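Asker:
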Amino acid sequence: MARVQVYVSDEVSEKIRVIAEKRRAEGARDKDVSFSSIASMLVELGL
Numbered sequence: 003m004a005r006v007q008v009y010v011s012d013e014v015s016e017k018i019r020v021i022a023e024k025r026r027a028e029g030a031r032d033k034d035v036s037f038s039s040i041a042s043m044l045v046e047l048g049l
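Just so it is clear: in the sequence shown, position 28 is 30 by the working numbering, and no numbers are missing.
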């Protein structure tokens, strides 16, 4: 898997953080929910 470094706005960063918190609240483990994994999912979805 290729490694890509990107910069996002504070607004996008906050939205990713909110998604992570929501997943943790739903019972996901911390190691399964990371900023990187969520950002990767969003890129794959084309968002």
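Where a beta carbon is used, it is the ideal one built from N, C-alpha and C, also for glycine.
Just so you know, these numbers come straight off a predicted model, no measurement behind them.
Tell me whether the beta-carbon of A22 lies closer than 8 Å to the beta-carbon of V35.
Answerer: Mapped onto the sequence shown, residue 22 falls at position 20. Mapped onto the sequence shown, residue 35 falls at position 33. Their beta carbons are under 8 Å apart, which means A22 touches V35 by this criterion.
Asker: For I18, which of K33, S38, G48 has the nearest alpha-carbon?
Answerer: Working through the sequence shown from its first residue, we reach residue 18 at position 16. Looking at the Cα atoms, S38 is the closest of the given residues.
Asker: Does DSSP classify V8 as helix, strand or coil?
Answerer: To locate residue 8, count along the sequence shown from 1; it is residue 6. Residue state, collapsed to three classes: coil.
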